[in-house]
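A.B. asks: Residue numbers (UniProt numbering): 1 to 408.
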Amino acid sequence: MSGTATPTNSNEQAGEAVPASQRGSWTSFLKSIASFSGDLSSLTAPPFILSPTSLTEFPAYWCERPGLFAAIAGHKDDEERFLAVVRWFIATLKGQYTSRNEFMGSEKKPLNPVLGELFYGHWPDKDGRGRTTLVVEQVSHHPPITAYVIENKSKGLSLTGHNAQKTSFSSGAIIVKQIGHAILTIDLGGGKKEEVLITLPKLRIDGLWYGSPYIELWDKTNIQSSSGWSSVLEYKGKGYFSGKVHTVKATVSPPASFSVKHTIEGQWHTETKNTKTGKVFTDVTTPKEDVVVGPTEEMEEFESRKLWGLVSRGIREGDYEVASREKSKIENDQRQKRKDEAGAGTTWPLKHFTKNLTRPMNGSPVVQTSHLRRKIVTFIRTTLPLGLPRLPPYFAMIKVGGYIWFPA
């Protein structure tokens, strides 16, 4: 990202944040990613840079502030309800993109989920907000795709989405293109529903030279409601000579209009304000609420925390030899399973999600990606003027394995 600087200091040395015993492997890793021309996610990272958490747990970040999620349903006015969606979305960014830095000192590479990996959790009912549940499943391994659904049935809210990443190396940083999207469905009562389409930001991971990676968001994302309200969010980081880290500017426009009615600006990891009123729009400096997960001993074999338990323990305790050995066992077992399935002409049976499932969206059936692209464009243009310059490139966000994933 132009204008984003990697922190430099004349006294800092390459890999200074890397354990002394791991600096050789870190240097080799940097050389390999600098010369690699494919998707970097296929490379094996040194154990010390690994997170003890699987990617299947990441959808929980969507609801670390379950009160904001539930509050969306409390607004009867289209405009206020859409602003509540934007507020909730901005509030999710800190957990999704900076929490590992705060907890572990730097960004870590999450564990790559195995096909069929599962993660379940919930946020209990408090203060009348209702119980919110989370179901996550790794629905594809090549390419890696994680599908999830978050529901608060008492409030009539359901968030369904899928996510994958394509990574590359550029100008000393790892660039992550997030592929996928989320659809928030709001039950308005009387048989009416509102659907809100949410795209995902691009990531730039800097700090590699020192072994202390950190994430910055960049480019733009979109939030588009079937009510016609829309928002464009623009992300920037600190430049070489000016600016602040983790900045966001969100413009909110009414149906069928080029005008901007609300502008939200600030830093998504601390506080944003409505520029018109001067009032605080989001404040994520208050404690978050972790997802509640059942006891490990009661989990199924492929639930994340049971599957990766020994690997995670090795990483947390700094025993990278154990972490690497246990990780290899899981990966080798998966390779054998895929070979056995290929030989038998079978595929892994998914538990919670399916592909090629016809699903109504704004009254139109959705089957495969090509269908979805046409229907989403139709969906957007029913509320916005034809030829609108800001019409986002939805084909890019849904082109994941040729399918759209929904709960079975």
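Beta carbons are placed, not taken as given, at the ideal position from N, Cα and C, and that holds for glycine.
1. Among the residues of its own chain, which have a CB less than 7 Å from the CB of Gly314, if the five just before and after it don't count?
2. Let me check understanding here. Comparing Cα to Cα, which of Glu216, Trp88, Glu271, Ala173 lies closest to Leu157?
3. Along the chain, where does the alpha helix (DSSP H) containing Asn112 start, and where does it finish?
4. I'd like to know whether the C-beta atoms of Pro143 and Ala173 end up nearer to each other than 8 Å.
5. Under 8 Å Cβ to Cβ from Val292, same chain only, skipping five residues before and after it: list those, please.
6. Pick helix, strand or coil for Ala60, following the three-state DSSP scheme.
7. Could you pull out every residue in the same chain whose Cβ sits closer than 6 Å to the Cβ of Lys236, ignoring the five residues on either side in sequence?
8. Around the Cβ of Arg335, are there at least 16 other Cβ atoms within 10 angstroms (buried) or fewer (exposed)?
9. Here's the rule: buried if 16 or more other CB atoms are within 10 angstroms of the residue's CB, otherwise exposed. What is Ser227?
10. Check whether chain C comes within 8 Å of Ala250, counting only Cβ atoms and requiring the distance to be less than that.
11. Taking 8 Å as the cut-off, decide whether the C-beta atoms of Phe353 and Val139 are in contact.
12. So what's Thr146 in DSSP terms, helix, strand or just coil?
13. For the putative contact between Thr289 and Arg131, defined by C-beta atoms under 8 Å, what is the C-beta separation to the nearest angstrom?
14. Just curious, the alpha helix (DSSP H) that Thr92 is in, first and last residue?
15. For a quick check, are the C-beta atoms of Leu159 and Glu137 less than 8 Å apart?
16. May I ask you to report which of helix, strand or coil DSSP gives Arg52?
17. Could you round the C-beta distance between Leu111 and Val311 to whole angstroms and report it? I think they count as a contact, below 8 Å.
18. In whole angstroms, what separates the C-alpha of Ala73 from that of Val232?
19. Measure the Cβ-Cβ separation of Asp219 and Lys238 and say whether it is below 8 Å.
20. Going by DSSP, which residues form a beta bridge with Leu159?
21. Quick check: what's the CA-CA separation for Asp283 versus Lys94?
22. If we ignore side chains and look at the alpha-carbon of each, how far apart do His75 and Ala45 end up?
23. Sorted by chain position, which residues of the same chain lie with C-beta nearer than 7 Å to residue 436's C-beta, five sequence neighbours on each side aside?
24. So, at 8 Å on beta carbons, what are the nonlocal neighbours of Ser259 in its own chain, with the 5 sequence-adjacent residues on each side left out?
25. Which two residues bound the contiguous alpha helix (DSSP H) that contains Ile315?
26. Should Ala91 be labelled buried (16 or more other beta-carbon atoms within 10 Å of its own) or exposed?
27. Please name the residue in Thr146, Val85, Glu298 whose C-alpha comes closest to that of Lys351.
28. Out of Ile205, Thr272, Ile175, Ser225, point me to the one whose CA is closest to Lys193's CA.
29. Counting along the chain, where does the alpha helix (DSSP H) carrying Glu321 start and finish?
30. Cβ atoms of Val245 and Glu265: under 8 Å apart, would you say?
31. According to DSSP, which residues form a beta bridge with Thr132?
32. State buried or exposed for Asp206, treating a residue as buried only when at least 16 other CB atoms are found within 10 Å of its CB.
33. Just curious, the alpha helix (DSSP H) that Gly67 is in, first and last residue?
34. Arg338 to Thr221, Cα distance in whole Å?
35. Going by other Cβ atoms of all chains shown within 10 Å of its Cβ, with 16 needed for buried, is Ser328 buried or exposed?
36. Only counting the same chain, and skipping five residues up and downstream in sequence, which positions put a Cβ closer than 8 Å to that of Thr285?
C.D. replies: Here's the rundown:
1. Tyr320, Val322, Ala323, Glu326
2. Trp88
3. First-last for Asn112: undefined, no H or E at that position.
4. no
5. Gly121, His122, Trp123, Pro124
6. helix
7. Thr247
8. Arg335 should be labelled exposed.
9. buried
10. In the structure shown, chain C does not exist; there is a single protein chain.
11. yes
12. Thr146 falls in the strand class under three-state DSSP.
13. Per the sequence presented here, residue 289 reads as Glu, with Thr not at that position. Wrong, their Cβ atoms sit about 13 Å apart, outside the cutoff.
14. 78-97
15. no
16. It is worth fixing the name first, because residue 52 is Pro in this sequence and not Arg. Looking at Pro52 - three-state DSSP - the assignment turns out to be strand.
17. 7 Å
18. 22 Å
19. no
20. Ile150, Leu184
21. 10 Å
22. 46 Å
23. What is shown of the chain runs 1 to 408, which leaves residue 436 out entirely.
24. Ser253
25. 309-316
26. buried
27. Thr146
28. Ser225
29. 320-344
30. no
31. Trp123
32. buried
33. Residues 66-71.
34. 36 Å
35. With fewer than 16 other Cβ atoms from the protein chains shown falling within 10 Å of its own Cβ, Ser328 counts as exposed.
36. Thr270, Glu271
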